[in-house]
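Working notes for the structure below.
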Amino acid sequence: MTHKTASPSSPLVTVVIPAFNSEAFIGEAIASIQHQTLEDWELLVVDDGSADQTLSAARQAAGDDPRIRLIRFDRNQGISTASNAGFDAARGHFIARLDSDDRALPHRLATQVAAFRENDRLAAAGSHVRIFGDVPDGIAHCFLEDSNIKACLLDGLNTISGGTLMVRRAFVREHGIRFDEGAPSSEDLDYLTSIMAAGGELANVDQVLTEHRSHRGSFTNSRTEIAGPWLQTARRRLVSLWYPDLDARDVENIVIPLLEVYPGSTDAFCTIVRAIDKLMVAKPRDFGQDTSVVHAMLIDRLGKMADIYRDNNLVDASHVRLIRHFVSPATSAAFDRFDI
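So in full-length UniProt numbering, the last one in the sequence shown is 340, and the numbering has no gaps at all.
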């Protein structure tokens, strides 16, 4: 249900704010868009079935601004569904997402649009993020280059933060790219993977353009327990895209070191090592990812996993000598920290 009618002309940027139980902060998020230096925008606030007064707070913040539209779900359907609803309704040449408890700095939209205009191949862009709230203030720095961002989709760190995302609407619509509505978390990583798979370039602007509020009720803090399983699903998809010749069982084992809980047997550890070794010597499909970063990440995680197995008396020097006998030198590097 739409409560505001925007100008009939197509704006340069559509900003989408998915909101759930966000009455305390939604006004600040909306105000941060109203104070943008780039004024050619529309804002879609998607109230995802909130149980509080999010919709009323959004109406009050919007006032009589014709550029703001409000969409209301009768029941909570999740951030992916809310994001898709906003992206589907967007009319801008570019679509930006902002989390409902965050704030966009005044030059965010103008700076990101400039990045797209400088690179016709750019499909998605983000930025660094300033963190504030219940944690010490700081800046979360993200990788700038396409190759590093794509490689780091594997661990989900320093890629493009979902609350800083801007995409080229024509690209995502041409390729049917949407947020996975079955994803309880990490929907932005899977979305970026889809852009990568379609041949799009990724980048982060080397500036802080968004402020992320950390608080007990934030979705980022409330989804920790559900993030792990879905992250593994997203990682399996990514590895399968890069290495289509690996079988599903190997892919399953390759992503295990990216978890924090591991199988409790020596045999399981050796199976994981063999699977990673297959990846290390395989030729990947080139989506622009930096394969050396992928390799370094997996070897680092495998080495840390080996430390834990050693500390729990599941791996010792004799196992390491045997492993090093049958794996490639690249995989063997994971065990350089062992004293043998």
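For every residue, glycine included, the Cβ atom is placed at its ideal position computed from N, Cα and C.
Tell whether a beta-carbon distance below 8 Å holds between residue i and residue j.
i, j, result
"residue 11", "residue 91", "yes"
"residue 51", "residue 70", "no"
"residue 179", "residue 80", "yes"
"residue 209", "residue 127", "yes"
"residue 54", "residue 65", "no"
"residue 124", "residue 195", "yes"
"residue 234", "residue 190", "yes"
"residue 271", "residue 315", "no"
"residue 213", "residue 101", "yes"
"residue 207", "residue 166", "no"
On the premise that residue j lies in contact with residue i, defined as a C-beta separation below 8 Å, what is that separation, rounded to the nearest angstrom?
i, j, result
"residue 203", "residue 115", "6 Å"
"residue 132", "residue 16", "Not really, about 22 Å apart at Cβ, beyond 8 Å."
"residue 236", "residue 255", "6 Å"
"residue 20", "residue 76", "6 Å"
"residue 232", "residue 259", "7 Å"
"residue 67", "residue 43", "6 Å"
"residue 302", "residue 257", "5 Å"
Among the candidates the options, whose CA atom is the shortest distance from the CA of residue i?
i, options, result
"residue 129", "121, 123, 122, 138", "138"
"residue 326", "289, 275, 101, 300", "275"
"residue 245", "309, 291, 278", "278"
"residue 34", "53, 18, 14", "14"
"residue 239", "280, 338, 207, 67", "280"
"residue 169", "95, 185, 101", "95"
"residue 98", "22, 150, 145", "22"
"residue 242", "214, 283, 45", "283"
"residue 211", "18, 337, 32, 61", "32"
"residue 333", "311, 313, 273", "273"
"residue 28", "103, 89, 36", "103"
"residue 121", "198, 40, 214", "198"
"residue 289", "161, 322, 118, 154", "154"
What residues match up with residue i in a beta bridge as DSSP calls it?
i, result
"residue 214", "133"
"residue 280", "None, per the DSSP bridge assignment."
"residue 204", "126"
"residue 42", "14"
"residue 167", "95, 124"
"residue 104", "210"
"residue 69", "44"
What separation, rounded to the nearest whole angstrom, lies between the Cα atoms of residue i and residue j?
i, j, result
"residue 330", "residue 140", "31 Å"
"residue 269", "residue 293", "22 Å"
"residue 1", "residue 149", "With a pLDDT of only 35 at residue 1, under the threshold of 50, the placement of this residue in the model should not be trusted, and no figure is reported."
"residue 147", "residue 157", "14 Å"
"residue 201", "residue 188", "15 Å"
"residue 181", "residue 143", "27 Å"
"residue 322", "residue 251", "23 Å"
"residue 56", "residue 248", "48 Å"
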